[in-house]
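Comments concern the structure below.
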Amino acid sequence: MSDKVSISYGEITSEMAIVPATEGPSGIDISKLIATTGLSSFDQGFVNTSSTKSAITFIDGEKGILRHRGYPIEQLAEGKSYLEVSYLLVYGELPSAAEAEIFHGKLREASPISKQLLSLIGSFDPTAHPMTVLSSAVSALAASETGLLDPKNPEQVEAATISLLGKMPVITAAIHRTLMGKDPLAPNLELSLIDDFLRMTFGEEGQSWKSNDVVTGALDTLLLLHADHEQNCSTSTVRLVGSSGANLFASIASGINALSGPLHGGANEAVLDMLNLISSSGDSVEQYVARVKNKEDGIRLMGFGHRVYKSFDPRAKIVKAHADKVLTELGVKDPLLDIAKELEAAALRDEYFSERKLYPNVDFYTGVIYKAMEFPPRMFTPLFALGRLPGWIAHWREQNLDTSTRIGRPQQVYVGPNQRSI
Ligand code: CMC
């Protein structure tokens, strides 16, 4: 196979090198395209465009493969914790038991948040969406962590990484309580990060915390399954913002805002809204599927479809298995889980979905599990953000170390008026 591609346009022929991939599609280096042909590449939604080289995560969407640093997601979900996978993403290798313990200790030490940050969280109207408060709080961290803002200083980058990973669960739990009209709980550094997150979310001041292994284990797995997904919308946002030299906190806050949309992380909340709507409307699952197929009011089957996965989302398989297990072990009987299963079955036997290669994605069953754990629906997307944090950080750091990084600045095909006079 040739290592060059030729593009001909009129009299001009331009040769472009191939950027080799270890797996998956290699890239065509079009960095001289405009200079040599006068044409830009036009790729709405970046469906065919590689914005970067990356060694963190590999996805084969046709085969339903997801690997972090070479390890299949099934193996990681089965045998490793969210903390270990966070370490893997950020530092490139799985930690030894001793390394994992030191890492955990550092995160716990960095967990407490300031009074100013708590009062900022408390200043929002109770109707505010937690994702809005979360991005504001993470943005505001840059105002207190002023010694950790220089992307070119490795010690500061490392301390900012630890600070974010340690504080994000505390911030997320504080947002939940505050919006519920309750006082936030301070972290208990004796507990594990995930268990303490659950205590700070659901515990009561002055009462001892009885951890539930089923809930803690399931939440750990769900966070792990969300930990990275290569160049998705929010990760690309984190990279784009970071490419300007913006600090880690500012970049992550932008990623949180990108994640909030219903086509991205906001889908987990939207799935539960959809299941509730079907349940309360009295419509059958078939009637709802018919509305989706008719594109009535632009409605979509939330939790279905993916830009990259064209067979199945390997995360969705794992989540579905967990949904049954967690609900059974918690003794929760939720009719919404039955509706979700019926909806999935109805969609999978329907040509509309098979022709378009639309299958359940990671968000389809997560809401039902979060609901069984007693998280309110508006906290579902902040939980996605908590899970995705190590991935965002890993990508920001990878880009930050890459000496070939240039500020992200796409072209456009201008279609407005030619020059005119007033
Ligand atoms: N329900 C109904 N039709 C759909 C759906 C859906 N969920 N997803 C795509 N389609 C149709 C779409 O209408 C279009 O049909 P047509 O060819 O007739 O115009 C065709 O499938 C292709 O859709 P697209 O919008 O061009 O596909 P995309 O790759 O740009 O969008 C997506 C990917 C995930 C945004 C989309 O599938 C979707 O909106 N899904 C529902 C929202 C959702 O669950 N998002 C979570 C994604 S996974 C977690 C994450 O990474 O955030």
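If you read the sequence shown in this note's numbering, its first letter stands for residue 1305, the second for the next number, and so on. Don't be surprised by glycine CBs; every beta carbon is placed ideally from N, CA and C.
Note on geometry: alpha-carbon atoms of residue 1542 and residue 1535 lie some 10 Å from one another.
Relative to the ligand CMC, even the nearest heavy atom lies 7 Å or more away from the CB of residue 1719. Counting only beta-carbon distances shorter than 6 Å to the non-hydrogen atoms of the ligand CMC, the qualifying residues in chain order are 1349, 1533, 1536, 1567, 1568, 1569, 1571, 1596, 1604, 1605, 1606, 1607, 1608, 1609, 1610, 1611, 1660, 1662, 1665, 1666 and 1667. Short of 8 Å from the beta carbon of residue 1323, and not among the five residues preceding or following it, lie these beta carbons of its own chain, in chain order: 1330, 1331, 1332, 1333, 1354 and 1357. Setting aside the 5 residues that flank it on each side, residue 1493 is surrounded in the same chain by 1412, each with a C-beta closer than 6 Å to its C-beta; the list follows chain order. Contact check for residue 1467 against residue 1709 fails: the beta carbons are separated by 8 Å or more. Between residue 1422 and residue 1662, the alpha-carbon positions lie close to 42 Å from each other. Residue 1395: member of the alpha helix (DSSP H) spanning 1386 to 1395, first to last residue. DSSP places residue 1568 outside both helix and strand once states are collapsed to three, so it counts as coil. Look at residue 1370 here: in three-state DSSP terms it is strand. 8 Å or more divides the Cβ of residue 1691 from the Cβ of residue 1533. Taking 8 Å as the cut-off, the Cβ atoms of residue 1368 and residue 1658 do not count as close.
Taking the Cα of residue 1475 as reference, the smallest distance to any Cα among 1457, 1511 and 1426 is reached at 1426.
Cβ-Cβ distances below 7 Å link residue 1444 to 1421 and 1424 in the same chain, with the five nearest sequence neighbours on each side left out; the list follows chain order.
Partner residues in a beta bridge of residue 1305, as assigned by DSSP, do not exist. Setting aside the 5 residues that flank it on each side, residue 1396 is surrounded in the same chain by 1373, each with a C-beta closer than 7 Å to its C-beta; the list follows chain order.
Spatial neighbours of residue 1544 in its own chain (CB-CB distance under 7 Å, excluding positions within 5 residues in sequence) are listed in chain order as 1712.
Relative to residue 1588, the option among 1651, 1309 and 1415 whose CA is nearest is 1651.
Looking at the backbone, the Cα of residue 1551 and that of residue 1436 are separated by about 19 Å.
Three or more Cβ pairs closer than 8 Å define a contact, and the segment 1674 to 1683 meets that threshold against the segment 1566 to 1579. Around the beta carbon of residue 1457, fewer than 16 other beta carbons sit within 10 angstroms, so the residue counts as exposed. With contacts defined by Cβ atoms closer than 8 Å, residue 1377 and residue 1619 form a contacting pair.
With a cutoff of 8 Å on beta-carbon distance, residue 1595 and residue 1603 are scored as near each other. Secondary structure at residue 1361: strand, using DSSP grouped into helix, strand and coil.
Residue pairing by DSSP places residue 1339 in no beta bridge whatsoever. Out of 1592, 1360 and 1629, the CA that lies nearest to the CA of residue 1327 is found in 1360.
Around the C-beta of residue 1653, fewer than 16 other C-beta atoms lie within 10 Å, and the residue is accordingly described as exposed. Under the criterion of beta carbons closer than 8 Å, residue 1449 and residue 1608 do not qualify as touching, at roughly 39 Å. Closest in alpha carbon position to residue 1488, among 1477, 1559, 1682 and 1701, is 1477. A direct Cα-to-Cα measurement between residue 1631 and residue 1640 gives close to 11 Å. Note that the C-beta distance between residue 1626 and residue 1463 is not below 8 Å.
Sequence-distant Cβ neighbours of residue 1344 in its own chain, meaning closer than 6 Å and more than five residues away, are 1338 and 1715. Between residue 1670 and residue 1572, the C-beta gap is smaller than 8 Å, which places the two residues in contact.
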